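Asks: So the sequences go chain by chain: A and B. The opening position of the first sequence corresponds to residue 0 in numbering that gives the first Met the number 0, with each subsequent residue numbered one higher. The opening position of the second sequence corresponds to residue 0 in numbering that gives the first Met the number 0, with each subsequent residue numbered one higher. Beta carbons are placed, not taken as given, at the ideal position from N, Cα and C, and that holds for glycine. On a predicted model such as this, the values are computed, not experimentally measured, just so you know. Let me begin by handing over the structure; questions about it come next.
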Amino acid sequence: MLIFEHSSEGRRGAPQAPAEKAPLTAIPEKLLREGSAALPEVSELQAVRHYTRLSQKNFSIDTQFYPLGSCTMKYNPRACNSLAMLPGFLNAHPLTPDAQNQGFLACMHDLQSMLCEATGMAAFSLAPMAGAQGEFAGVAMIEAYHRSRGDDARKEILVPDAAHGTNPATAVMCGFTVKEIATLDNGDVDIDALKQAVGPHTAGLMLTNPSTLGVFERNIEAIAKVIHEAGGLLYYDGANLNAILGKIRPGDMGFDVIHSNLHKTFSTPHGGGGPGSGAVGVAERLRPFLPLPVVTEEDDSYRYLTAKDCPQSIGRLSAFMGNPGVLLRAYIYMRLLGREGMVRVAEFATLNANYMMAEAKRRGFTLAINDRRASHEFIITLKNEARDYHVSAMDFAKRLLDLGYHAPTTYFPLLVPECLLIEPTESEAKEALDGFMDALEQIKHEAETNPELLHAAPQTLPVKRLDEVRAAKQLDLAFKKQ
Amino acid sequence: MPFIPHTENEITQMLETIGVDSIDDLFDEIPAHLRAGVLQAVPHSMNEMEVSRLMKQRADQNSSAICFLGAGAYEHHIPSAVWEITTRGEYYSAYTPYQAEASQGTLQLTYEYQSMMTALTAMDVSNASMYDGASSLAEAILMAVRANRKSRSRKILIPTSVNPSYRKAAHTIVNGQQVELIDVPYDSASGTVTLEQIKQQTEAHGGDITAMVLQQPNFFGCLEEVDAITDWAHDNNILVIAVINPLVMSVLNPPGKWGREDNAGADIACGDGQPLGAPMSAGGPYYGLLCCKQSLVRQIPGRIVGRTIDLDGKEGFVLTLQAREQHIRRSKATSNICTNQGLVVTASTIYMAIQGAQGLENTAAACHANNNSLVEKLIAIDGVKKAFSAPQFHETVLQLEQQPAAEVLKALMEKGILGGYNLSQDYPELGEAILVCTTEMRTEEEIDQYADAMRDVLSSGATVASLAESA
């Protein structure tokens, strides 16, 4: 039932707004609204009950194991939420003079420094509001860098074929053409293909390492050399930073610019789709191009750098300062971890993934890549099950929901047929991993004996499988009162 | 170990299963000479008690001045229930609802959001959100360029009465796509953009304009002549992009109704959803609203939720029209956006449900009345005058005839008043001018307190001295 269907004409909410409507003096009639907007008319209790009950129809980290590959669904500590919502932060107007905003700016300055240290970059900007906007900022800086040197022919960005869809979409938004580079069966980039592809037209390469195939790119130094010798720059997509935090730093691998998804590695909540943060870090030579604002420290106080300080900046990406509430949560998480905790993140995320991979192999599943270490995630391909029992990765995913587990990422990366990309994260205990593997094994058995059970899944959730074709063909995107 | 549940015993078992001796062995594919040392610049771990102490200290360092500052972010009352419900783990710690059957809560809520936002704006379609108002404007511009197939110019008119931060962000974001943003100066008497100026800029740029941007209320709080401008734009094959404050649309003519009835409304509407339940929070997270006419639905970027049925014919909700998006379309997507501002949209939906149309109208009307009251009291002071003649909504530009705005704002701050936005950087032609804003949160006493403080500041010797210094 929709909130609109709880509505009753004339019912007022709680005393949340002024009781009377003040006259709209000095506004000409033609600029005023005719009639009220058709919003629901419900009591506060009705709204609270409705949205509480809706929340119960969600799977979430707080209620289920959520091994969604490439998304790093780790525990979001509650302290990060409550401390980021202290009144001193919540009530701060974004245009408050810097002198009255020192507590917040100190946190942001510390966060920039910690990110630099954790990634081996020279400088950071916290401005981008999500991973894709971080990518945008990074690639725009690559463009600005080449342009500042009069190197105008560099119009192509290289992207491995295993990359996230945001990579090619971003390069196009920044005015580049995109060329895909093949990946070898062992998960490494085809370096010969890369050598063939580079030239005076190469602006840069966007790389996720460990890759979306769940393995570390072993030839990273050789790749960096190929790109740099061709005059290009190396971009690090930080989607999988969780796998290597404190173990190896992108800056030390030769990357010139990176974005970090703070909503993955640094545990800010995914919130059912956002908000995120895609903070960007750069090597020294790209520092002048960082997006604004950036926080700097001068004479024991903090201030925002402005366009006057940074004339070569690619500019602003938002009206104010990105997503400060997200940044505060990441900052608090990093202080809780400390330098000791950061390296443990990578260690235990990797331990969990390799344990599950070993268990998957032991239980007869086919791995996408054999004889490699898993990073913080790994891939099962169900192509044999699909061939023999006519069940798909999607069927496995839906059946997992019935058994109380959120499904892994399905059908990504696109190169692996019928795949499940599984990322347990470091915050899950062994019994959760074992329970999930038991469920997966049970489903494999069901596929062999009773595939209908998979086709018909899920059966235990608020709805059964939904008609996506109908949704796209008979568009119903908003409630209209009959 | 913070957030790591493993016991020694379990670690041993797991390593045995994997067939390695130590966790470190799992990293043996990483070249040894590239391994990181200790992260010296990251402080040691703190426990929750210690971090709480630190964060409370930092939060208390921030100002608690009475806020008369708007300029794109507004202090409104937020019912306690809004964030209590929003931060439930089931919303807070869920991912994007790709597994629809396990995400009906977020999906239905988003559908309800889309329904409320289209009701408020009188537009046909709303997406599930963009990052913020500024980036939403940039995406609206790119969308208009894709949508207006009759125009080849990729030229966009953008009045200087549109929020300067929005204009800057839009410039950064559309820069790589050969889109030209053409300023249209505002009229210095009214504070709004005139049809004359728009026609003049159109002619000066060859007549073929793809779209024009119109902010209501504009950055100065002035109300634009939206009907006449929309009609003229449509007569000249120019798409209209509305930038709106959604709270204010509860009482003002919404973008879906701008202009003649037969050609109804702005083509695209965008803006910041912050006034609907998001705290100011030093700048975010807020969310960008983005709405359009039905005919443009395949050009709108970002996620959209649709209502459909399941195998039993039962109502349910899914992400739809995904062929527009980067995870399917890759380099041919409408935008690179993936993550949006879902949790803030959750808050906003609950906010709108609790307030209802009447609550929003009364809130907006109170802002207007309070601002009128403040402005009346301030312009009664010698040396303060209103800059513009157009009707205003909850924000007003005031010129300080004898004093430097920066000094006045600083002196007000010392008296505990966050007195407004200094316009001298973005609009030097206005002289010493500030943008003041009053919301429903301000009491009559606080408004008097501001007026008294202003009177003191303007008559005090200190400011006169600093004026002499700066002269």
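(1) For a contact defined as C-beta to C-beta under 8 Å, what are the partners of A/V325 on chain B?
(2) When the Cα atoms are used, what is the spatial distance from B/F2 to B/N361?
(3) How far does the alpha helix (DSSP H) with A/C106 in it extend, from its first residue to its last?
(4) Please list the segments of the alpha helix (DSSP H) lying wholly inside the segment 26–114 of chain A, counting only runs of 4 or more residues, in order along the chain.
(5) Shorter than 7 Å from the beta carbon of A/A282 to some beta carbon of chain B?
(6) Name, please, each residue of chain B whose Cβ falls closer than 7 Å to the Cβ of A/M436.
(7) If you measure between the beta carbons of A/L38 and B/G71, is that distance less than 7 Å?
(8) Between which two residues does the alpha helix (DSSP H) containing B/Q103 stretch?
(9) Spell out a yes or no on whether the segment 69–85 of chain A and the segment 271–279 of chain A are touching, meaning 3 or more CB-CB pairs, one atom from each, closer than 8 Å.
(10) For A/T9, does the count of other Cβ atoms within 10 angstroms reach 16, so buried, or fall short, so exposed?
(11) Out of A/D236, A/K263, A/H262 and A/K154, point me to the one whose CA is closest to A/G250's CA.
(12) Measuring CB to CB, does B/G258 end up less than 7 Å from B/D234?
(13) Mind checking B/I327: buried by the 16 CB within 10 Å criterion, or exposed?
(14) Sorted by chain position, which residues of the same chain lie with C-beta nearer than 6 Å to A/K73's C-beta, five sequence neighbours on each side aside?
(15) Is B/A450 helix, strand or coil by DSSP?
(16) Is the Cβ of B/P163 closer than 7 Å to any Cβ of chain A?
(17) Put A/R11 into one of helix, strand or coil per three-state DSSP.
(18) So, for A/Q132: in the same chain, excluding its five sequence neighbours on each side, which residues have a beta-carbon less than 7 Å away from its beta-carbon?
(19) Please confirm whether B/R34 has its beta-carbon closer than 7 Å to some beta-carbon of chain A.
(20) Counting only Cβ pairs nearer than 8 Å, list the residues of chain A close to B/V124.
(21) In angstroms with no decimal places, state the Cα-to-Cα distance between A/L474 and B/D24.
(22) From the DSSP secondary-structure annotation, give me the bridge partner or partners of B/C221.
(23) By the DSSP assignment, the beta strand (DSSP E) with B/I181 in it spans what residues?
(24) Taking C-alpha atoms, which residue in B/N339, B/Y73, B/M279 and B/R148 lies nearest to B/G220?
(25) Given a cut-off of 7 Å, decide if A/A223 and A/L232 are closer than it, judged by their beta-carbon atoms.
(26) Among B/V296, B/V435, B/H32 and B/K414, which has the Cα closest to the Cα of B/N369?
(27) Helix, strand or coil, according to DSSP, for B/P158 in the structure here?
(28) Look up A/P159 in the DSSP assignment and give the residues it is bridged to.
(29) Using 8 Å for Cβ pairs, my map puts B/A363 next to B/L429. What's the rounded Cβ distance?
(30) Give, in chain order, every unbroken run of the beta strand (DSSP E) that is at least 3 residues long and sits entirely within the segment 345–401 of chain A.
(31) What residue range is occupied by the uninterrupted alpha helix (DSSP H) comprising A/V171?
(32) Going along the chain, which residues of its own chain have a beta-carbon closer than 6 Å to the beta-carbon of B/N126, five neighbours each way excluded?
(33) Shortest alpha-carbon distance to B/Q176 belongs to which of A/A98, A/K154, A/E116 and A/Q55?
(34) Of all Cβ atoms in chain A, is any one closer than 7 Å to the Cβ of B/F218?
(35) Answer yes if the segment 279–288 of chain B comes into contact with the segment 310–326 of chain A, meaning at least three C-beta pairs across the two stretches below 8 Å, and no otherwise.
(36) Report the residue from B/E223, B/T338, B/P78 and B/G415 whose alpha carbon sits nearest the alpha carbon of B/A64.
Replies: Taking the coordinates as given:
(1) For the purposes of this step, residue 325 of chain A is taken as residue 326 along the first sequence, with counting starting at 1. Within chain B, the C-beta atoms nearer than 8 Å to that of A/V325 come from G283 and P284, in chain order.
(2) Taking the first residue of the second sequence as position 1, residue 2 of chain B is located at position 3. Taking the first residue of the second sequence as position 1, residue 361 of chain B is located at position 362. Take the alpha-carbon of B/F2 and the one of B/N361: they are about 46 Å apart.
(3) In the first sequence, the residue the question calls residue 106 of chain A occupies position 107. Q101 to T118 is the span of the alpha helix (DSSP H), which, as asked, contains A/C106.
(4) At a cut-off of 4 residues, the continuous stretches assigned as alpha helix (DSSP H) that sit fully inside the segment 26–114 of chain A are 43–54, 77–83 and 86–89.
(5) In the first sequence, residue 282 of chain A corresponds to position 283, counting from 1. Residue-level contact check: A/A282 does not touch chain B, since none of the beta carbons of chain B fall below 7 Å from its beta carbon.
(6) Position 437 of the first sequence, counted from the first residue, corresponds to residue 436 of chain A. A/M436 does not reach chain B, its nearest Cβ partner there being about 11 Å away, counting only Cβ pairs nearer than 7 Å.
(7) On the first sequence, position 39 is the one that residue 38 of chain A refers to. On the second sequence, position 72 is the one that residue 71 of chain B refers to. No, the pair does not count as a contact, with Cβ atoms beyond the cut-off.
(8) As a working mapping, residue 103 of chain B is identified with position 104 in the second sequence. Run containing B/Q103: Q103 to T120, per the alpha helix (DSSP H) assignment.
(9) As far as the Cβ criterion goes, the segment 69–85 of chain A does not touch the segment 271–279 of chain A, which means the pair count is below three.
(10) Here the question's residue 9 of chain A lines up with position 10 in the first sequence. A small correction: the amino acid at residue 9 of chain A is Gly; Thr does not occupy that position in the sequence shown. A residue is called buried when at least 16 other Cβ atoms come within 10 angstroms of its Cβ; A/G9 does not meet this threshold and is exposed.
(11) In the first sequence, the residue the question calls residue 250 of chain A occupies position 251. Measuring from the Cα of A/G250, the nearest candidate turns out to be A/D236.
(12) Residue numbering aside, residue 258 of chain B sits at position 259 when the second sequence is read from its first letter. Residue numbering aside, residue 234 of chain B sits at position 235 when the second sequence is read from its first letter. It is not a contact, given that the beta carbons lie outside the stated cut-off.
(13) In the second sequence, residue 327 of chain B corresponds to position 328, counting from 1. When all chains shown are included, B/I327 counts as exposed.
(14) Translated into the one-based positions of the first sequence, residue 73 of chain A becomes position 74. Excluding its 5 nearest sequence neighbours in each direction, A/K73 has C-beta neighbours in its own chain below 6 Å: S266, T424 and S426, listed in chain order.
(15) To locate residue 450 of chain B, count along the second sequence from 1; it is residue 451. B/A450 carries a helical assignment under DSSP once its states are collapsed to helix, strand and coil.
(16) Taking the first residue of the second sequence as position 1, residue 163 of chain B is located at position 164. Taking Cβ atoms only, chain A never reaches closer than 7 Å to B/P163, which makes this a no.
(17) As a working note, residue 11 of chain A is residue 12 in the first sequence. Looking at A/R11 - three-state DSSP - the assignment turns out to be coil, as it is neither helix nor strand.
(18) As a working mapping, residue 132 of chain A is identified with position 133 in the first sequence. Around A/Q132: G277 and L316.
(19) The sequence position of residue 34 of chain B within the second sequence is 35, counting from 1. It does: the Cβ of B/R34 has a partner Cβ on chain A nearer than 7 Å.
(20) Reading the second sequence from its first residue, position 125 is the one you call residue 124 of chain B. Under a criterion of Cβ atoms nearer than 8 Å, the residues of chain A adjacent to B/V124 are, in order, L476 and A477.
(21) The sequence position of residue 474 of chain A within the first sequence is 475, counting from 1. The sequence position of residue 24 of chain B within the second sequence is 25, counting from 1. Looking at the backbone, the Cα of A/L474 and that of B/D24 are separated by about 53 Å.
(22) Here residue 221 of chain B corresponds to residue number 222 of the second sequence, with the count starting at 1. B/Q391.
(23) In the second sequence, counting from the first residue as 1, residue 181 of chain B sits at position 182. Its beta strand (DSSP E) spans residues E179 to V183.
(24) Translated into the one-based positions of the second sequence, residue 220 of chain B becomes position 221. Answer by Cα proximity: B/Y73.
(25) As a first step, residue 232 of chain A is located in the first sequence; it is residue number 233 there, counting from the start. As a first step, residue 223 of chain A is located in the first sequence; it is residue number 224 there, counting from the start. Contact flag unset, no.
(26) Reading the second sequence from its first residue, position 370 is the one you call residue 369 of chain B. Taking B/N369 as reference, the option from B/V296, B/V435, B/H32 and B/K414 with the minimal CA-CA separation is B/V435.
(27) On the second sequence, position 159 is the one that residue 158 of chain B refers to. Strand, per DSSP.
(28) Counted from its first residue, the first sequence places residue 159 of chain A at position 160. Here A/P159 is bridged, per DSSP, to A/I180.
(29) Numbered from 1 along the second sequence, position 364 holds the residue referred to as residue 363 of chain B. Numbered from 1 along the second sequence, position 430 holds the residue referred to as residue 429 of chain B. Not confirmed; about 26 Å, so no contact.
(30) Counting only runs of 3 or more, we get 377–380.
(31) Taking the first residue of the first sequence as 1, we reach residue 171 of chain A at position 172. Annotation for A/V171: the continuous alpha helix (DSSP H) segment containing it runs T165 to M172.
(32) Mapped onto the second sequence, residue 126 of chain B falls at position 127. So the list reads L289, I299, G301 and I303, once near-sequence residues are dropped.
(33) Here residue 176 of chain B is taken as the residue at index 177 of the second sequence, counted from 1. In this structure, A/K154 is the residue among A/A98, A/K154, A/E116 and A/Q55 with its C-alpha nearest to the C-alpha of B/Q176.
(34) In the second sequence, counting from the first residue as 1, residue 218 of chain B sits at position 219. Closer than 7 Å: no.
(35) Yes, they touch.
(36) For the purposes of this step, residue 64 of chain B is taken as the residue at position 65 of the second sequence. Minimum Cα distance to B/A64 is reached at B/G415.
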